[in-house]
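Be aware that the sequence shown starts at 18, since it is given in my numbering, and climbs by one per residue. Glycine included, C-beta positions come from ideal geometry on N, C-alpha and C. As the structure is a computational prediction, the values presented were derived from the model and not from experiment. Worksheet: one structure, shown below.
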Amino acid sequence: MTSDSSLKPHLTREHSLSLLKQMIRIRRFEDKCAELYTQEKIRGFLHLYDGEEAIAVGVIPVLEERDRLVATYREHGHALVRGVPMGAVLAEMYGKAEGCSGGRGGSMHLFSSACNFYGGNAIVGGGLPLAVGLALADRMRGEDHVTACIFGEGAVAEGEFHESLNLAALWGLPVLFVCENNRYAMGTALERSEAETDLHRKAESYRITSEAVDGMDVVAVEAAARRAVHAIRETGKPYFLEFRTYRFRAHSMFDAQLYRDKAEVEAWRAKGPIVRFQSWLTQNGIVHEADIAAIEAEVAGEIAEAVAFAEAGTWEPLETLTRDVYADVRPPAPAIVAPSAETVEISYREAVKAAIVEALERDERTFLMGEDVGRYGGCYAVSKGLLDRFGPERIRDTPLSESGFTGAGIGAAIAGMRPIVEVMTVNFSLLALDQIVNTAATLRHMSNGQFPVPVVIRMATGAGRQLAAQHSHSLEGWYAHIPGIRVLAPATLEDARGMLWTALQEPDPVLIFENVMLYNRTGRLAVNAGPVDIDRAAVRRAGRDVTLVTYGGSLFKTLEAAEQLAQEGIEAEVIDLRSLRPLDIDTILTSVGKTHRVLVVDEGWRTGSLAAEIGMQIAERGFFDLDAPLARVCSAEVPIPYPAHLEQASIPQTATIVAAVKAMFGKG
18 MTSDSSLKPH LTREHSLSLL KQMIRIRRFE DKCAELYTQE KIRGFLHLYD GEEAIAVGVI
78 PVLEERDRLV ATYREHGHAL VRGVPMGAVL AEMYGKAEGC SGGRGGSMHL FSSACNFYGG
138 NAIVGGGLPL AVGLALADRM RGEDHVTACI FGEGAVAEGE FHESLNLAAL WGLPVLFVCE
198 NNRYAMGTAL ERSEAETDLH RKAESYRITS EAVDGMDVVA VEAAARRAVH AIRETGKPYF
258 LEFRTYRFRA HSMFDAQLYR DKAEVEAWRA KGPIVRFQSW LTQNGIVHEA DIAAIEAEVA
318 GEIAEAVAFA EAGTWEPLET LTRDVYADVR PPAPAIVAPS AETVEISYRE AVKAAIVEAL
378 ERDERTFLMG EDVGRYGGCY AVSKGLLDRF GPERIRDTPL SESGFTGAGI GAAIAGMRPI
438 VEVMTVNFSL LALDQIVNTA ATLRHMSNGQ FPVPVVIRMA TGAGRQLAAQ HSHSLEGWYA
498 HIPGIRVLAP ATLEDARGML WTALQEPDPV LIFENVMLYN RTGRLAVNAG PVDIDRAAVR
558 RAGRDVTLVT YGGSLFKTLE AAEQLAQEGI EAEVIDLRSL RPLDIDTILT SVGKTHRVLV
618 VDEGWRTGSL AAEIGMQIAE RGFFDLDAPL ARVCSAEVPI PYPAHLEQAS IPQTATIVAA
678 VKAMFGKG
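Encoded structure:
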């Protein structure tokens, strides 16, 4: 057991000077940043930490090097105290290649894998689920780490705040939640935005031990941090610290600060953390004016060196613009084994389940998490029986908190796990859009390759079950618009069985869309079916007269249409895209070069559709191969209706595909 005395700061002269120096270091650095901003050396948003220095200085050194730190967008002080070199921080703010994020992130996105610093997050509250996922990975591996997550009081109004605290408490995760309550979320005072202004009480409602601490007193901050970190290491459970502080400067350098009186700011400045601690130290003879002068001189020298480093830095060449959108090095494509003559009758649902079982058996880092994946067996019964087989650690039921558990899966992946996140249906994924688009898709790029996100996210998609407008979306085309992620649409039993394992080897996030109308589809599958290549489209039917391009739930309608067209003398070649991002446009162009006509069948809405993108790429690269205008069959521009006849009329059908092709040949 740790003695009580070890949990208290030891205010020796050396330690006191260290605390004071670190606070002055942050303050003077940011003063210089403000000056550089007015000179347009630093651009974009610049959020300064002036007044809150005691929190970074009191909390972060209590963590060990092995511990993890997730910050907010006001994170210059966090990075400096965590050990990120000042020159690398300033060069990042300049946008130079020598910056700690290679110039890719700027002021709000400082990263350092060497310092276990997982960076700032420009989305308010966006780092909370990430921290939960990092801690989840540590707990599942039995590693004695603490993940600290720093955020402002504005984040407590976000759903991700509540989802993250609930998950951390529910699963007993070693997260230190650090709320920097500076009383203003941008320009809105806390009293005007929160019914309960004692923010630590929100944590208490989740049965998380919490404290409210004077954030302007660096000694009190450090003492609270020591208590919290000790408790987390002893219990493995989360702890919440609300530090009541104040930012002296504007929310950002764009802010005119019309929402608060100057007198209020000056009153708080008089009791700021530096003047308060420095006055106490000098009054008690612990430090002297000469000590303070020496600190100021040393800090000034470090800042001058940092400015020189940033000024001398280089701009990243234009040729590397797309670097670190995806991993430069990917695993080799899986060896494709010739299918065995021995087959088994199996459903699409069972093929997906077999893929999950294989993944869990082959890699102990893999686990399945999502709503009702455990005892319920999954909304579409894909994971039925897996809880009994693999246990609740690896078949992990989650609350109905899509952003929270998706973000946790992303965090676990960054920490080295290989999670399979199941979002029940594609429409629910909209609640997790922030984590998918703003974290999973961007983190590798913004961190200059330091933090890849090898997560796999599965979801059901499509219409046809009379579930009405809110449960019948086909949004995979939306996701295919986003660089940084891979988007797969398995249609065949072989792909349902084989895509998952290949996706789990990817160093980047992969989204897998399973069409709801395929789950009950059955067929024969080779008993040795295994991983498949996820980079190539597949020609499912050869033809000479027209190319039909499709994917997912529309594949079998398109194949049926091709058979009907053959009876009328039109031989259609059918291409199954399989991967929606990246698109295998070369396979499409090869086919178009042979058939000279193309029809794209896409269950998404026509306007802004994936079909439109495919058509444009064909026009750009294969226009002179075309003997007829490009054509497409998409869903009608209407929310999917409930009545069966209207629902069927609103999505692509075999008859509409046949009619569209015949029109290309002038046949009514």
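For residue i, which three-state DSSP category applies?
i	result
A486	helix
Y343	coil
A645	coil
T478	strand
S35	helix
A148	helix
M516	helix
A676	helix
D405	helix
L215	Here residue 215 turns out to be Asp, not Leu, going by the sequence shown. D215 falls in the coil class under three-state DSSP.
Q665	helix
T423	helix
G169	strand
F178	helix
R435	strand
R541	strand
G387	strand
F682	coil
T509	coil
S400	coil
W297	helix
I43	helix
S118	coil
T671	helix
T19	Note that T19 has pLDDT 48, beneath the 50 cutoff, so the model's placement of it is unreliable and no number is given.
Measure how close the beta-carbons of residue i and residue j come, nearest whole angstrom, since I'm counting them as under 8 Å.
i	j	result
A139	M125	5 Å
V316	I41	6 Å
R503	R561	Rounded, the Cβ-Cβ distance is 32 Å, inconsistent with contact.
I312	L28	About 17 Å separates the two Cβ atoms, so there is no contact after all.
V304	L34	6 Å
L127	V106	6 Å
G330	A114	6 Å
A432	I499	With 8 Å as the limit, A432 and I499 do not qualify as a contact, their Cβ atoms being about 23 Å apart.
P26	E239	5 Å
Could you pull the DSSP bridge partners for residue i from this structure?
i	result
D67	Note: D67 sits in no beta bridge, so no partner.
V591	R558, L565
M463	DSSP lists no partner for M463.
C50	Partner(s): none; C50 has no beta bridge.
T442	A477
F134	L86, S129
R598	V504
G201	Note on identity: in this sequence residue 201 is Tyr, with Gly being the wrong assignment. A206, per the DSSP bridge assignment.
L259	Note that residue 259 is Glu in the sequence shown here, rather than Leu. Answer by DSSP bridge pairing, in chain order: C196, A229.
If we call anything under 8 Å between Cβ atoms a contact, is residue i one with residue j?
i	j	result
R558	A589	yes
I529	L505	yes
Y223	A186	yes
L521	A430	no
G144	T205	no
A628	M681	no
I563	T607	Looking at the sequence provided, one finds Val at residue 563 rather than Ile. No. Outside cutoff.
I551	G150	no
R382	R435	yes
R553	T509	no
S357	A543	yes
V76	A148	no
R264	D231	no
G123	G61	yes
V354	G547	yes
R45	I320	yes
C651	R623	yes
K574	Q452	no
N455	S118	no
L184	Y135	no
Are any of the Cβ atoms in chain D nearer than 8 Å to that of residue i?
i	result
A88	The question asks about chain D, but that chain is absent: this structure has only one protein chain.
Does the region 160–170 come close enough to the region 387–405 to have 3 or more Cβ pairs within less than 8 Å?
no
Pairs of beta-carbons, one from the region 437–454 and one from the region 385–396, closer than 8 Å: are there three or more?
yes
Take every Cβ of the region 467–485, pair it with every Cβ of the region 569–581, and state whether three or more of those distances are shorter than 8 Å.
yes
Kindly confirm or deny that the region 286–298 and the region 66–74 touch, where touching means at least three C-beta pairs closer than 8 Å.
yes
Do the region 414–428 and the region 360–372 touch if we need at least three Cβ pairs shorter than 8 Å?
no
Do the region 628–637 and the region 658–668 meet, that is, are 3 or more Cβ pairs less than 8 Å apart?
no
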